[in-house]
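**Q** Residue numbers (UniProt numbering): 1 to 152. In this text, a Cβ means the ideal position worked out from N, Cα and C, and glycines have one as well.
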Amino acid sequence: MSKYEVYIVSASVEQNWSEKAIEAHSLYTSPMFCACKTYVEKKGVPWLILSDMHGVVWPDTMLAPYNPEQLSDKEKVHRIERAFDPDALASTLIVTLQIQPERGLAVTQWKKRILTETKFTLLGESDSLSLAVTELGLMGAHVEFTHKGIPA
1 MSKYEVYIVS ASVEQNWSEK AIEAHSLYTS PMFCACKTYV EKKGVPWLIL
51 SDMHGVVWPD TMLAPYNPEQ LSDKEKVHRI ERAFDPDALA STLIVTLQIQ
101 PERGLAVTQW KKRILTETKF TLLGESDSLS LAVTELGLMG AHVEFTHKGI
151 PA
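(1) Going by C-alpha distance, which of HIS78, SER126, GLU19 and THR108 is nearest MET139?
(2) Report the rounded CA-to-CA distance for TYR7 versus VAL45, giving the unit in angstroms.
(3) Work out the CA separation of GLU14 and THR116 for me, nearest whole Å.
(4) Locate the beta strand (DSSP E) running through LEU48, then write down its first and last residues.
(5) Within the continuous beta strand (DSSP E) that includes GLY55, where are the two ends?
(6) Would you mind stating whether ALA88 and ALA21 have Cβ atoms separated by less than 8 Å?
(7) What did DSSP end up calling MET139 once you bin it into helix, strand or coil?
(8) Could you pull the DSSP bridge partners for TYR4 from this structure?
(9) Assuming the contact rule is C-beta atoms closer than 8 Å, residue 154 and MET32 should be a hit. Round their C-beta distance to whole Å, please.
(10) What does LEU63 pair with, by DSSP beta-bridge criteria?
(11) Alpha carbon to alpha carbon, what distance is there between THR38 and ILE94?
(12) Report buried or exposed for residue 181, applying the criterion of at least 16 other Cβ atoms within 10 angstroms of its Cβ.
(13) Count the CB pairs spanning the segment 50-59 and the segment 76-83 that are closer than 8 Å, and state whether there are at least three.
(14) Output the distance between the C-alpha atoms of HIS142 and PHE84, rounded to the nearest integer angstrom.
(15) DSSP state of PHE145, grouped into three classes?
(16) Using DSSP with H/G/I as helix, E/B as strand and the rest coil, what is SER91?
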């Protein structure tokens with residue numbers, strides 16, 4: 001059993017273009033994103049959003065709408081790999097989950113431990129989630145992923 005748990009919901013191509021900038025949880029508007037968002041909000045669990053453009057972001061992060069077609073496949077892969085940089089992801093988890101430092105552990109060891117003690121549940125239908133599974137697995141994290149959906 002994992003010590004920590006966080007959900008990652010994939011962003012969608014369908015976006016709210018009515019504002020120049022909007023909170024990430026309101027930017028993406030596909031039926032799948034909305035269903036996943038509703039699911040994690042009802043569960044009351046910590047969650048993040050995986051955007052091909054912006055990487056892993058908090059739901060309240062202000063983002064501008066963008067055209068996903070402006071990113072090449074190579075650029076998308078690079079951005080997802082960068083989003084799952086172990087140090088950056090551990091720092092995001094520390095803030096999101098309000099994790100306190102462990103006494104007697106160096107910061108690098110502590111961050112590595114956080115990643116291996118976290119269960120990541122990935123939700124949505126983006127192809128980027130498959131790459132996220134690989135990146136998280138390389139960190140030693142526990143990953144649960146139901147492709148193209150949310151748990152029943």
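**A** According to the data block:
(1) Within the sequence shown, residue 139 is the residue found at index 139, counting from 1. In this structure, THR108 is the residue among HIS78, SER126, GLU19 and THR108 with its C-alpha nearest to the C-alpha of MET139.
(2) The sequence position of residue 7 within the sequence shown is 7, counting from 1. The sequence position of residue 45 within the sequence shown is 45, counting from 1. Looking at the two C-alpha atoms, the distance is approximately 7 Å.
(3) As a working note, residue 116 is residue 116 in the sequence shown. As a working note, residue 14 is residue 14 in the sequence shown. Roughly 33 Å separates the two Cα atoms.
(4) Taking the sequence shown and counting its residues from 1, one reaches residue 48 at position 48. 47-51 is the extent of the beta strand (DSSP E) around LEU48.
(5) In the sequence shown, counting from the first residue as 1, residue 55 sits at position 55. Start and end: 55-57.
(6) Start at 1 with the first residue of the sequence shown, and residue 88 comes out as number 88. Start at 1 with the first residue of the sequence shown, and residue 21 comes out as number 21. Contact flag unset, no.
(7) Within the sequence shown, the letter at position 139 stands for residue 139. Look at MET139 here: in three-state DSSP terms it is coil, with no helix or strand label.
(8) Mapped onto the sequence shown, residue 4 falls at position 4. Secondary-structure assignment with DSSP links TYR4 through a beta bridge to THR118.
(9) As shown, the chain starts at 1 and ends at 152. That puts residue 154 outside it, with no answer to give.
(10) Sequence index remark: in the sequence shown, residue 63 carries index 63 (1-based). Its beta-bridge partners are ILE22.
(11) What you label residue 94 is simply residue 94 of the sequence shown in a count that begins at 1. What you label residue 38 is simply residue 38 of the sequence shown in a count that begins at 1. About 24 Å.
(12) For residue 181 there is no data in the structure shown, the boundaries of the chain being 1 and 152.
(13) Segments in contact, yes.
(14) Stepping through the sequence shown from its first residue, residue 142 is reached at position 142. Stepping through the sequence shown from its first residue, residue 84 is reached at position 84. Rounded to whole angstroms, the gap between the alpha carbons of HIS142 and PHE84 is 14 Å.
(15) For the purposes of this step, residue 145 is identified with residue 145 of the sequence shown, where counting begins at 1. Note: PHE145 maps to strand in three-state DSSP.
(16) Residue mapping note: residue 91 aligns to position 91 of the sequence shown, counting from 1. Reduced to three states, the DSSP call for SER91 is helix.
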